[in-house]
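Number of protein chains: 2
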Amino acid sequence: MATVTQSVTEVCLRAREASRTLAALDTATKNAALTAIADALIARTDEILEANARDLEAGRESGLSDALMDRLALDADRIASIADGTRAIIALPDPVGEVLEGRRLPNGLDVRKTAVPFGVVAVVYEARPNVTIDAAALCLKSGNAVVLRGSSSAAHSNAVLSGIAADAARAAGIPDGAIGLVAGGGREELADLATQDQLVDLIFPRGGEGLKAALQAVATVPVIYAASGNCHVFVDADADLEQARAIILNAKTQRTGVCNAAETLLVHAEAAPAFLPDALRALRDAGVELRVDARTKTLAAAAGVDTLDATDEDWDTEFLASILAVGIVDSAGEAILHINEHGSGHSEAIVTRDTESARAFERGVDAACVYINASTRFTDGGEFGMGAEIGNSTQKLHARGPIGVRELCTFKYVVSGDGHVRS
Amino acid sequence: MATVTQSVTEVCLRAREASRTLAALDTATKNAALTAIADALIARTDEILEANARDLEAGRESGLSDALMDRLALDADRIASIADGTRAIIALPDPVGEVLEGRRLPNGLDVRKTAVPFGVVAVVYEARPNVTIDAAALCLKSGNAVVLRGSSSAAHSNAVLSGIAADAARAAGIPDGAIGLVAGGGREELADLATQDQLVDLIFPRGGEGLKAALQAVATVPVIYAASGNCHVFVDADADLEQARAIILNAKTQRTGVCNAAETLLVHAEAAPAFLPDALRALRDAGVELRVDARTKTLAAAAGVDTLDATDEDWDTEFLASILAVGIVDSAGEAILHINEHGSGHSEAIVTRDTESARAFERGVDAACVYINASTRFTDGGEFGMGAEIGNSTQKLHARGPIGVRELCTFKYVVSGDGHVRS
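Protein sequence lines correspond, in order, to chains A and Z. Counting in numbering that gives the first Met the number 0, the first sequence runs from 0 upward without gaps. Counting in numbering that gives the first Met the number 0, the second sequence runs from 0 upward without gaps.
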């Protein structure tokens with residue numbers, strides 16, 4: 000235990016030291032390091048696959064589920080795609096040094112609110128070894144040192160991947176310690192890392208609710224949580240019904256296992272008879288299981304669509320599967336109340352031609368992203384023009400929604416005077 | 000204990016409900032409520048003084064220190080000044096609804112990053128009853144419901160003050176529950192409040208290190224910490240020595256008990272012989288106790304200035320008193336290292352005519368506010384043109400430095416389309 004503690008602290012200490020240099024590094028050096036990392040991933044593909052094979056073998060022995068095994072598995076294509084992701088980050092503008100606001104005060108002092116890296120960012124994740132490189136690349140671009148803590152099931156893969164990234168970065172002029180990996184994926188290391196508030200500025204968890212709960216119980220370092228996405232599409236009384244159908248089909252079925260997929264469809268009672276029969280048939284034909292309230296059930300039955308009765312729990316569930324809860328409401332206000340009560344503050348959509356409803360929804364719904372006549376599926380750093388993201392925040396502190404390179408920065412006020420003193 | 004828990008939860012629940020309405024309130028209604036609060040404070044001054052007298056009596060009986068008794072005490076002038084502070088907040092621009100960024104994506108979607116209130120903000124504070132009104136007014140202006148938790152020593156004062164504010168606000172059209180007070184100032188109530196992560200969006204502690212440590216141990220609600228201010232002034236090799244002397248005198252002596260006062264003076268070895276004798280005499284004449292390193296001691300002795308030897312601890316201490324640690328460094332780089340090691344990330348100043356040193360200091364010092372040729376004493380929402388502040392953040396998440404009405408907002412992305420779906 001003593002050794003483990005020292006080792007986490009040591010990784011964090013080295014990251015803290017590196018962060019001082021990193022924060023002042025020019026863009027060209029950082030981009031050269033990203034290129035070097037991408038090149039090294041390709042050049043050392045065999046090494047990565049070998050380490051990955053050891054993780055996969057251990058996973059098979061310990062009986063990991065097929066889904067987890069799939070997340071864990073790398074092949075040459077996946078490695079090439081990780082390298083491509085790293086190269087894509089080169090094209091992003093460097094967020095460091097951006098003057099976010101600036102003004103001259105009446106006394107002549109110049110105040111500039113300037114973007115600067117956080118310093119040391121810890122990323123805590125499960126299974127997927129690609130996060131090792133994604134997180135390292137985003138942190139490097141934003142001038143942060145990164146401390147990675149993956150899961151034990153991917154220990155060999157993560158060690159090789161982070162080693163390759165650290166080697167390549169160092170050779171390109173990035174200080175030692177800028178990309179650190181915490182050995183061991185246990186809860187002890189998690190607690191050690193989460194209490195390094197003198198050395199670590201911020202933790203991003205990328206994983207399930209268990210990981211978040213574990214962090215919340217122990218963390219003294221600030222954490223940006225990404226709650227699950229229980230997202231809604233609300234079809235208003237006078238929605239364009241073709242748009243509405245396209246949007247709910249897209250939001251539910253374009254990809255089901257993602258946090259910005261819709262889990263509940265709410266329909267205004269006045270639109271329901273015209274909208275629901277066709278929409279429910281289309282959803283059923285797309286393989287979606289429908290869990291509906293009593294009024295929807297009547298319409299569905301008349302339309303010949305089989306449904307299940309929605310339970311109280313269904314309205315609060317992120318299915319992450321081809322399942323959709325469907326309910327009828329009597330007003331936009333009722334939809335807003337339902338969403339604020341059951342939603343997770345991720346992505347919420349209204350389909351309407353009524354400007355009043357649109358404004359009420361925009362103002363009334365408490366979520367990171369509110370959509371008017373568009374699918375919830377656009378919540379994504381790439382789609383928003385922000386580039387790759389390290390995660391999607393559903394908490395309100397610092398940044399909501401996609402966390403890209405700009406969101407990996409804090410700011411400082413730089414105040415310049417001519418010998419100004421306060422009177 | 001069960002009753003206490005329920006009561007904290009109930010206050011938070013009512014605040015959460017009120018927050019939904021508050022978030023959409025127009026500026027005129029919020030400003031009218033602020034006027035009503037200011038008027039009511041004046042009209043009900045006797046009531047406030049009566050409650051305050053009970054707290055003062057209890058304080059005397061329990062042997063509160065003179066300093067604490069002074070913080071606790073209200074009189075008609077102090078109440079008038081609290082009312083003035085409330086009126087000053089009316090003049091601030093309403094931060095809610097500001098479009099912080101906006102763009103049209105290549106696919107035609109319009110994305111607007113829009114400022115919105117957090118929702119429910121809890122303010123946890125000690126002694127000073129004026130915080131009750133300051134916090135309520137800032138939260139009201141920024142569209143947030145507030146949950147106040149003062150100390151038990153000010154229980155009567157806080158109850159009357161928050162009651163007056165809540166009554167006046169309600170009569171002016173602010174929803175019930177928007178200004179809530181947690182009864183009881185014990186650690187149990189603190190823990191109850193700090194774990195209301197379903198209802199409370201954010202906690203600001205205003206108090207000493209003990210309060211912060213207590214919060215850090217239990218909080219699951221995000222907290223914006225304000226660490227102490229161990230602030231430095233660094234006099235570079237070719238500083239304008241008159242400016243430097245004015246700045247250190249101002250930063251140290253203009254007000255000693257505040258977090259943006261200087262606690263350590265660092266002087267470049269090349270400037271020390273010309274600068275320190277006069278500067279140390281001026282500081283001594285202003286009543287400042289000097290705790291110095293060996294090289295400074297020699298210069299001080301030659302100049303006939305008495306000094307104490309600085310201990311290791313002195314470099315890490317926020318004296319909040321007429322005490323200054325003084326040391327000599329051999330380069331701007333050494334000063335930056337010293338500040339990053341010993342500073343608390345609050346306010347740090349360099350006095351220099353050398354652009355290279357200025358740039359190195361600006362980039363290298365990790366603090367909320369970095370000053371070039373100006374006193375650290377300007378770190379203040381009012382001085383920065385941001386209006387009144389609820390505190391000064393030394394953590395990096397969300398906002399550093401003064402927390403005013405804009406910093407009491409988060410944002411949401413509002414995305415408008417014409418039936419856009421993701422392909």
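Built from N, CA and C at the ideal position, the CB exists for glycine as well. Please read all numbers here as calculations on a predicted model, not as lab measurements.
Proximity to residue i [Cα-Cα], best of the options
i	options	result
Leu91 (chain A)	A:Tyr412, A:Glu388 and A:Gly418	A:Glu388
Thr375 (chain A)	A:Ala281, A:Ala359, A:Gln394 and A:Gly228	A:Gly228
Gly418 (chain Z)	A:Asp305, A:Glu241 and A:Ala22	A:Glu241
Glu406 (chain A)	A:Leu48, A:Ala260, A:Asp38 and A:Asp93	A:Asp93
Glu56 (chain A)	A:Arg43, A:Leu71, A:Cys258 and A:Ala66	A:Leu71
Gly363 (chain Z)	A:Thr85, A:Phe117 and A:Gly62	A:Phe117
Glu97 (chain A)	A:Gly142, A:Pro221, A:Ala75 and A:Arg53	A:Gly142
Ile78 (chain Z)	Z:Thr306, Z:Ala320 and Z:Ala164	Z:Ala164
Asp284 (chain Z)	Z:Val266, Z:Glu269, Z:Asn372 and Z:Gly303	Z:Gly303
Met385 (chain A)	Z:Gly207, Z:Gly101 and Z:Leu40	Z:Gly101
Val427 (chain A)	A:Phe274, A:Gly209, A:Ile322 and A:Ala190	Residue 427 (chain A) falls outside the range modelled here, since chain A spans only 0 to 422, and no answer is possible.
Met68 (chain A)	A:Ala82, A:Arg15, A:Asn30 and A:Arg127	A:Arg127
Ser330 (chain A)	A:Glu269, A:Arg244, A:Val350 and A:Arg254	A:Glu269
Ala301 (chain A)	A:Asp311, A:Leu282 and A:Pro276	A:Pro276
Glu312 (chain A)	A:Ala42, A:Glu262, A:Val159 and A:Ala66	A:Glu262
Ile89 (chain Z)	Z:Asp25, Z:Ile223, Z:Phe203 and Z:Asp200	Z:Asp25
Leu282 (chain A)	A:Asn30, A:Arg352 and A:Arg244	A:Arg244
Cβ of residue i within 9 Å of any chain Z Cβ
i	result
Glu312 (chain A)	no
His337 (chain A)	no
Val350 (chain A)	yes
His345 (chain A)	no
Ala245 (chain A)	yes
His419 (chain A)	yes
Ala270 (chain A)	no
Thr2 (chain A)	Model confidence at Thr2 (chain A) stands at a pLDDT of 39, short of 50, so the residue's coordinates are unreliable; what they give is reported in the following sentence. Not closer than 9 Å to any Cβ of chain Z, the Cβ of Thr2 (chain A) fails to qualify, so no.
Phe377 (chain A)	yes
Glu444 (chain A)	In the structure as shown, chain A starts at 0 and stops at 422, and residue 444 (chain A) therefore has no counterpart that could be examined.
Gly162 (chain A)	no
Thr297 (chain A)	no
Asp277 (chain A)	no
Thr263 (chain A)	no
Ala14 (chain A)	no
Val110 (chain A)	yes
Ser374 (chain A)	yes
is_contact[residue i, chain A] using C-beta, thresh 9 Å
i	result
Pro94 (chain Z)	no
Gly206 (chain Z)	no
Ser6 (chain Z)	no
Asp25 (chain Z)	no
Gly423 (chain Z)	Here chain Z has residues from 0 to 422 only, and residue 423 (chain Z) is not among them.
Phe117 (chain Z)	yes
Val145 (chain Z)	no
Leu248 (chain Z)	yes
Phe410 (chain Z)	yes
Ala158 (chain Z)	no
Gln195 (chain Z)	no
Asn30 (chain Z)	no
Val325 (chain Z)	no
Ser415 (chain Z)	yes
Leu189 (chain Z)	no
Asp200 (chain Z)	yes
Anticipated Cβ contact below 8 Å, residue i with residue j, distance rounded
i	j	result
Arg80 (chain Z)	Asp235 (chain Z)	Reading off the sequence shown, one finds Ser at residue 80 (chain Z), where the question assumed Arg. The pair is not a contact, with the Cβ atoms about 40 Å apart (cut-off 8 Å).
Val413 (chain Z)	Phe383 (chain A)	That pair is no contact at about 12 Å.
Phe360 (chain Z)	Ile335 (chain Z)	6 Å
Glu347 (chain Z)	Tyr370 (chain Z)	7 Å
Ala309 (chain Z)	Gly344 (chain Z)	Contact flag wrong, Cβ pair sits at about 21 Å.
With 9 Å as the limit, tell me which residues of the stretch 382 to 399 of chain Z have their beta carbon closer than that to any beta carbon of chain A; keep them in chain order. Listed in sequence order: Glu382, Phe383, Gly384, Gln394, Lys395, Leu396, His397, Ala398 and Arg399.
Length at least 4, wholly inside the stretch 261 to 305 of chain A: the alpha helix (DSSP H) runs in chain order: 271 to 284 and 293 to 301
Quick one: which unbroken alpha helix (DSSP H) runs of 4-plus residues sit fully inside the stretch 300 to 342 of chain Z? Chain order, please. 331 to 341
What ranges does the alpha helix (DSSP H) occupy inside the stretch 127 to 155 of chain Z, keeping only unbroken runs of at least 4 residues that lie completely in it? 129 to 140
Counting only runs of 4+ residues fully inside the stretch 186 to 231 of chain Z, write out the alpha helix (DSSP H) ranges in chain order. Every unbroken stretch of the alpha helix (DSSP H) spanning 4 or more residues and falling wholly within the stretch 186 to 231 of chain Z is given here in chain order: 186 to 193 and 208 to 217.
Whole beta strand (DSSP E) runs in the stretch 59 to 115 of chain A with 3 or more residues, listed along the chain? 98 to 103
Mind listing which residues of the stretch 353 to 368 of chain A have their C-beta closer than 7 Å to chain Z's C-betas, in chain order? Glu361, Arg362, Gly363, Asp365, Ala366, Ala367 and Cys368
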